[in-house]
Structures are given as C-alpha cells and as structure tokens.
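*Asks:* After the structure tokens below, expect a handful of questions from me.
Okay, structure coming up:
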C-alpha cells in the first residue's frame, strides 16, 4: 500500500495517482483537509513498534501494510484550500502536529519526512551544509543594516540578487541602483543578498539513488518566473560530471531526503554553485518541460 | 536581547559565506562583532512581528524571515550556544523520530505506551485500560503535558478528543522527576505526578538528589540530542524503571524552588563564561 498525502489539485499528486492506477498499484489518497473527521488515523507506539490504521470513507488500512508515503506539503486540517484564512486555530495546529509526528515516526519510506525538510527553513543554515559537501556557494549577506547592503552591492560590482531567508517562496530579484533608495525598509526584516552568479541553471532531482539533471537556459534572474519577466526559457535534459552527481546524492542523503530538487548553476568558468536543496520539489513541472521520467522514477521508488 | 524585539532595536549583519567577514549586531551602545561572542543562551520562542504592516501575511513573512535568520546564525557560531537550534529537532513532544527513540532507549529510558487518535472510543479505551490515568501531550502549551485521572480526567479527555486528535501516554505510577541536564551536570526536582503544575493549588518543585549514575544517564541523553541544556520529564516508577514523558531544549525551571533555580542559573552563567571550555566539559 502506497500513501499519497495531498489532493488531486496538486499536479504532483495527480500525476502519481494516475501512474499508480496505470500500474494497478494499491494506493490511498489521503486528503489532510478532511482529517480527522472523514479521514482518520490512529496509531500507537509501544516498545519501538508502530501499530494502527488509516481510515477513509471507503476503507481502512493497517499501518503495517504501508510501504511508502509521498507528500509535498500538509494541507491544514479543516480548511477549504489547505491554508487557514484567519490564522491557524489551536485545534488545527494539534491536528497538523499529529500528522507531522506520525510521518516522522512511520517505519516506511516517506518522501519526505517533515523533519527532513526543516533545513530548508533557513536558507543560510542550509547553505552551510551545502558548502560542507564541496559545492561552491555565492557570497551571501543577511542584513537589516542598509549601509551594509549598499556596501555589499558595491563590493559585488552591482551584481547582487535578493531573496527570502526562510522557506517562504520569493522571486529571486536583481538588486538595482534605484533599489538602493529603499534600503531603509530592511530595518526590522533581515533580508538575504547574494552575489549574482552568471551561468546556466541546472535543476537536479534526486529520487533515491537515481538522478535527473535539467538545464534551464534563460535570461531571467529567476527562471521559474521567466514569463512574468518577459524572458524566454528553454529546458532540456543535461549531463553532469560524475563528481557533481555524487555530491548531489550525498547532499540528499545527508539531509534525509528521498526526493530532492537541488538548484545548481554552472558558471562560465565551469564551477558548480549550489543554491539550495528543495525538500518538496515540483518534479512534474520539470518532467513536463524536459520529458525526463522523474515522476516514473518516483513511482518506482514508492513501489519498491 | 529579547528575540521578539531584537530586530526592532538592534541591527543584524551576517556575512554568511565569509565567517571572518563583517558580521555584527549594532546596539545603542555600539557594534558587537559576532567573533566577540564567546557564549550564547538562546531562548527563541516565537518571534512575532506585530508592528509590521496590517496584513497577517506580512507579519507571518517577517516573523519567518527573522526566525530563519536567527536559527541560521545561531547554528553557524563557533562558540558555545545553549541551545544550538538544531533545525531537525523541533517542538515534538517526545522523540521526533525513531532514531531519537533509539537514543533514548540506549540511555536507559523507556517511552510509555503511546496512542495518537481522534476517535473518542479509542482514547477512552486507552484511558480505561491504563487504570483511568493518562498523560495528555500538549507540546505547544506550557506545561507541555498534563496528567488526566479519574472522572475529571475522563471528562477532560472526552472534551479534548471531541475537538482534535489527542496524543496520550500511559501514566506510570511513581515519582515524577523534572531533570535539567546542563553541561555535564544534572539538577532534579521531584513532585508527585498528580501535583503537576496546572493542578490546583500549584506547588513548587522540590530539589532531589540524583545518583551519579542517573545524572550521567540524563546528561548522556541530552548529549545524544545535541543539547547543552535539556529538560527531561520522567517518571521513576516504583520498580525503578525510568519512563521519559518529554524531553526538550527549552527548559522551564521557574516552577522549581528558589535554591534550585539559583543553582541552575549559576551553572548556566559559569558555562557561558567558560565558553568553549564549558562546552567541552
């Protein structure tokens, strides 16, 4: 039994369900918005052994039958769209916490356990781990001091980007001279500035021990938003040097990620910079663009 | 520095990629380079940004950025940090995963039987099966757990499980010990389980001497989690078995009697003063 945690609105979940159906694999779609009223979970832990069951309106599954789980994120229980509009209530938080505890303890393959994704919650923290794995990392400053941001801009010859420090998604943006006029807004909110690294973006998906590298050619600073920035974008499968592949695998393993989306950039002098390892990658997007069978590899992993 | 006000009152400048670079706090009294910091006592809690814009989303964003910056910064320091915010270990009630459970067992502690359920019947069956007693875990509250017992406990359990999933532990009979493992020493307070804080009337936790062997076990458990300063709530059962009800890196010793509080504070100060040397004890 394979557990897909999510909803069919998520293209990743929809893809996996489609492929699992095609393979006639036994799976269950667990919509956490409906937990614990319609989707229920009960488990016990005694002497290191996990026992219990999952129940949907149509069936009940013993946890012992669960061999793997996939989740991208946990929709908040009791919400319509997965996120509370007025802040999370204590009861919703308790329900969410109980799911997190369960997924961290379940003795099965979980791609990915919530605990494994937490390093991505502080990008500077994760950058230090990335550097330990031998990747080049860009010069980085986190500051609330406008003068220091200005000086960093000068030291980097005006080639600087800024982005969020936390896992909150932000659009990577070039810092421009007019931006320097509003640096006072930094006070109170630490902001991450990085030296802009020219080169080609490479997204690496590690799926267990398998690896898929996709090259993205664009003039946009943040290729995910190339269209919004009026830039073209081309994506294609890529080959990586064996040592870089090995580093990616080691990084994923050390972070405890069965599935990871690693953002690299190959600079003109051939260095591989690593920006982050994403614990909830949108593999479906890259698969669609490059025809690489990333999702199929994930299905293999879940079925194994 | 109050973490909730730190970014309102101080400047923060962290050269992430160059540890020897210009990294410092700016305070009213001047600039404090990060390299001048020899020890840190970090009590982060929740960093709120209530003064930042009217929208909840803006507040959430700023709070997340502040927390991420501080956690990254504290993890990067070379000096003694009590406690380094190991991002892998968040606010779980008992061990975060099976690896932590294994470490707990290796240190000679047991986790009582645990049940997580949203089914009132199952919760009540568990409660009845364990002699109408159970520990209800509430990791985001203070205290982080409470004892339910008797008809009142049953009513409280019914009310809670009617609203949300509950996480219950069997409540072993015995002496509840609250142990503060701190840099190689362990301080303990004792109180009957029924008199947990939150009970009426609250009573202070009285100091209790631990055997050297038990002190060593507690310190080993804290070290296994990577914490210089840990709170371990445990029950020493009548047959001397040690059950761990909770372990976390945000010790709350304000319920202990004054001399014990003072001893903990003094040890903390000594550790911080020694910096690296303290960490190596």
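Chains as they are written, first to last, in the working numbering: chain A, 42 to 345; chain B, 4 to 284. Glycine included, C-beta positions come from ideal geometry on N, C-alpha and C. The structure presented is a predicted model; accordingly, all values stated were derived computationally and were not measured.
Would you give the residue range spanned by the beta strand (DSSP E) that residue 278 of chain A belongs to?
*Replies:* 274-279
*Asks:* Whose C-beta lies closer than 8 Å to the C-beta of residue 234 of chain A among residues of the same chain, with five residues either side of it excluded?
*Replies:* Excluding residues within five positions, the ones whose Cβ falls inside 8 Å are 181, 182, 183, 184, 190, 193, 194, 201, 202, 203 and 216.
*Asks:* Say whether chain A places a C-beta atom closer than 8 Å to the C-beta of residue 11 of chain B.
*Replies:* By this cut-off, residue 11 of chain B is an interface position.
*Asks:* Tell me the rounded alpha-carbon separation between residue 230 of chain B and residue 141 of chain A.
*Replies:* 22 Å
*Asks:* Anyone know if the C-beta pair for residue 15 of chain B and residue 72 of chain B falls short of 8 Å?
*Replies:* In contact: residue 15 of chain B and residue 72 of chain B (Cβ atoms closer than 8 Å).
*Asks:* Mind reading off the beta-carbon distance from residue 248 of chain B to residue 171 of chain B? Whole number of angstroms is fine, and I expect it under 8 Å.
*Replies:* That pair is no contact at about 11 Å.
*Asks:* Is the beta carbon of residue 288 of chain A less than 8 Å from the beta carbon of residue 174 of chain A?
*Replies:* yes
*Asks:* Counting only beta-carbon separations shorter than 8 Å, does residue 64 of chain B have a partner in chain A?
*Replies:* yes
*Asks:* Please classify residue 196 of chain A as buried or exposed, where buried requires at least 16 neighbouring CB atoms within 10 angstroms.
*Replies:* exposed
*Asks:* With a 10 Å radius around its C-beta and 16 neighbouring C-beta atoms as the bar for buried, classify residue 30 of chain B as buried or exposed.
*Replies:* exposed
*Asks:* Anything in chain A within Cβ reach of residue 269 of chain B, meaning under 7 Å, just list it in chain order.
*Replies:* Per Cβ cutoff of 7 Å: no residues; residue 269 of chain B is ~32 Å from chain A at best.
*Asks:* Alpha carbons only, please: which of A:246, A:105 and A:49 is nearest the one belonging to residue 39 of chain A?
*Replies:* The question about residue 39 of chain A has no answer here: the residues shown for chain A are numbered 42 through 345.
*Asks:* Should the stretch 85-97 of chain A be regarded as contacting the stretch 115-125 of chain B, the criterion being three or more beta carbon pairs within less than 8 Å?
*Replies:* yes
*Asks:* Could you give the residue range of the alpha helix (DSSP H) that holds residue 43 of chain B?
*Replies:* Per DSSP, residue 43 of chain B belongs to no alpha helix (DSSP H); it is in the beta strand (DSSP E), 42-44.
*Asks:* Examine chain B for any beta-carbon lying closer than 8 Å to the beta-carbon of residue 87 of chain A, and answer yes or no.
*Replies:* Yes - at least one Cβ of chain B is within 8 Å of the one on residue 87 of chain A.
*Asks:* Closer than 6 Å by C-beta to residue 93 of chain B: which residues in its own chain qualify, once you throw out the five before and the five after it? Chain order, please.
*Replies:* The pLDDT assigned to residue 93 of chain B is 49, lower than 50, so where the model puts this residue is not dependable, and the model offers no usable value.
*Asks:* Give the interface partners of residue 68 of chain B over in chain A, defined as CB-CB distance under 8 Å, in chain order.
*Replies:* 205, 206, 207, 209, 230, 231 and 232
*Asks:* Could you tell me which of B:148, B:153, B:113 and B:267 sits nearest to residue 132 of chain B, measuring between CA atoms?
*Replies:* B:153
*Asks:* What are the uninterrupted segments assigned as alpha helix (DSSP H) that are 4 or more residues long and contained completely in the stretch 172-240 of chain B, given in chain order?
*Replies:* 215-227
*Asks:* Going along chain B, which residues have a C-beta under 8 Å from residue 262 of chain A?
*Replies:* Correct list: empty, because the minimum Cβ distance to chain B is about 19 Å.
*Asks:* Give the DSSP-derived three-state secondary structure of residue 191 of chain A in the structure shown.
*Replies:* helix
*Asks:* Report the rounded CA-to-CA distance for residue 77 of chain A versus residue 135 of chain A, giving the unit in angstroms.
*Replies:* 11 Å
*Asks:* For residue 240 of chain B, I'd like the list of residues in its chain whose CB is within less than 7 Å of its CB, leaving aside the five on either flank, ordered along the chain.
*Replies:* 175, 176, 177 and 246
*Asks:* Apart from the five residues just before and just after residue 242 of chain A, which ones in its own chain have a Cβ nearer than 6 Å to its Cβ?
*Replies:* 257, 264 and 306
*Asks:* Nearest chain B C-beta to residue 181 of chain A closer than 8 Å, yes or no?
*Replies:* yes
*Asks:* Indicate the three-state DSSP secondary structure (helix, strand or coil) for residue 94 of chain B in the structure shown.
*Replies:* At residue 94 of chain B, the pLDDT of 48 sits below 50, so the modelled position is not reliable; the number obtained from the coordinates is stated separately. Reduced to three states, the DSSP call for residue 94 of chain B is coil.
*Asks:* Of the residues A:272, A:220, A:163 and A:228, which one's Cα is nearest the Cα of residue 11 of chain B?
*Replies:* A:228
*Asks:* Can you tell which of B:41, B:46 and B:129 has the C-alpha that lies nearest to the C-alpha of residue 341 of chain B?
*Replies:* This structure leaves residue 341 of chain B out entirely; chain B is present only between 4 and 284.
*Asks:* Establish whether the CB of residue 15 of chain B and some CB of chain A are separated by less than 8 Å.
*Replies:* yes
*Asks:* Near residue 154 of chain A, which residues of its chain fall below 7 Å by C-beta distance, leaving aside the five closest residues on each side in sequence?
*Replies:* 144, 145 and 297
*Asks:* As an exercise, report each continuous beta strand (DSSP E) stretch of at least 3 residues that is fully enclosed by the stretch 111-141 of chain B, in chain order.
*Replies:* 117-120 and 136-140
*Asks:* Please report the Cβ distance between residue 82 of chain B and residue 220 of chain B, rounded to the nearest whole angstrom; I am assuming they are in contact, meaning their Cβ atoms lie under 8 Å.
*Replies:* Incorrect: roughly 28 Å between the Cβ atoms, too far for contact.
*Asks:* Rounded to a whole number of angstroms, what is the C-alpha to C-alpha distance between residue 64 of chain B and residue 129 of chain A?
*Replies:* 15 Å
*Asks:* When burial is assigned at 16 or more other CB atoms within 10 Å of the CB, is residue 21 of chain B buried or exposed?
*Replies:* exposed
*Asks:* What is the rounded straight-line gap between the Cα of residue 100 of chain A and the Cα of residue 45 of chain A?
*Replies:* 15 Å
*Asks:* Compute every distance between the C-beta of residue 116 of chain A and the non-hydrogen atoms of the ligand COA, then say whether any falls below 7 Å.
*Replies:* Ligands in the displayed structure: none, and consequently the ligand COA is not present.
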